[in-house]
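> I have a structure I would like to understand better, so I am pasting it below and will then ask my questions one at a time.
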Amino acid sequence: MLTFGFVGVADAADRAPQISQSLYAVNDTGTQQGLSSEDRKILWALNQQEASGRSEVQSRYEPNFYRLYLQNNALFKAAEIKYGSKAISSSYGPWQIMYTTAVEMGYRGDPSSLAKASVSLPYVLRYIEKLKRRFDGNIQKVISAYNAGPGGVGTNPKYTSRVMGFYQKAPSTWRVYGAESYRYIS
Numbered sequence: 000m001l002t003f004g005f006v007g008v009a010d011a012a013d014r015a016p017q018i019s020q021s022l023y024a025v026n027d028t029g030t031q032q033g034l035s036s037e038d039r040k041i042l043w044a045l046n047q048q049e050a051s052g053r054s055e056v057q058s059r060y061e062p063n064f065y066r067l068y069l070q071n072n073a074l075f076k077a078a079e080i081k082y083g084s085k086a087i088s089s090s091y092g093p094w095q096i097m098y099t100t101a102v103e104m105g106y107r108g109d110p111s112s113l114a115k116a117s118v119s120l121p122y123v124l125r126y127i128e129k130l131k132r133r134f135d136g137n138i139q140k141v142i143s144a145y146n147a148g149p150g151g152v153g154t155n156p157k158y159t160s161r162v163m164g165f166y167q168k169a170p171s172t173w174r175v176y177g178a179e180s181y182r183y184i185s
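So that you can map any letter, position 29 of the sequence shown is 28 in numbering that gives the first Met the number 0, and since no number is skipped, the others follow by simple counting.
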């Protein structure tokens, strides 16, 4: 099991042994590879929400996605019978990026590889940048859209409020390793 890469941030460091694969971040002053303080805070807040209290964060069950797209699909029915409905996952890794979103952002690998922070991070950053442009930098709308999709902004007030709370508490000095590559993926 991999653990948080936080160093020097008391709150996160205390939780490090409890939470698997994460930001690959260390305490630092200034920015890293052109990431703004705002981008780093968004990543930290989203990760805190998606990894909160769980010892393994690799995939998440999406009940609405399942109901709309998978429930009546024979192949998924067979997998569900064998493994249970929660075996059907649509988002991966420490930021719970959906495979279709990663593909839209340029990802060409298999879904399970997105469970690795170093693989999913560039696509998460691209998506956040896209949402920031769409919502004129409104962080609350960006966070809501990250969870519910751009058309679902405002439909998830509890999630948005919780992540905004993490955003407000995000440390201002830490570094994301691997983030430099998100600008160069073709």
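Glycine included, C-beta positions come from ideal geometry on N, C-alpha and C.
1) Going straight from the alpha carbon of Asn137 to that of Asp109, what length do you get?
2) Rounded to a whole number of angstroms, what is the C-alpha to C-alpha distance between Arg132 and Gly151?
3) Helix, strand or coil: which one does DSSP assign to Tyr122?
4) Report, in whole angstroms, the separation of the C-beta atoms of Tyr145 and Lys40, which I expect to be a contact under 8 angstroms.
5) Considering only the beta carbon of each residue, do Pro149 and Leu130 sit closer than 8 angstroms?
6) Quick check on the DSSP output: the alpha helix (DSSP H) that includes Gln167 runs from which residue to which?
7) Does DSSP put Ser90 in a helix, in a strand, or in coil?
8) Kindly give me the distance between the Cβ atoms of Gly153 and Ser119, rounded to whole angstroms, as I take these residues to be in contact under 8 angstroms.
In short, the structure shows the following:
1) Separation of Asn137 and Asp109 (C-alpha to C-alpha, rounded to the nearest whole angstrom) is 32 angstroms.
2) Rounded to the nearest angstrom, the two C-alpha atoms are 16 angstroms apart.
3) It is helical.
4) Not a contact, Cβ separation roughly 13 angstroms.
5) Yes, these two residues count as a Cβ contact at 8 angstroms.
6) DSSP places Gln167 in the uninterrupted alpha helix (DSSP H) bounded by 156–168.
7) Of the three classes helix, strand and coil, the one that applies to Ser90 here is strand, per DSSP.
8) Between Gly153 and Ser119, the beta carbon gap of about 26 angstroms keeps them out of contact (Cβ cut-off 8 angstroms).
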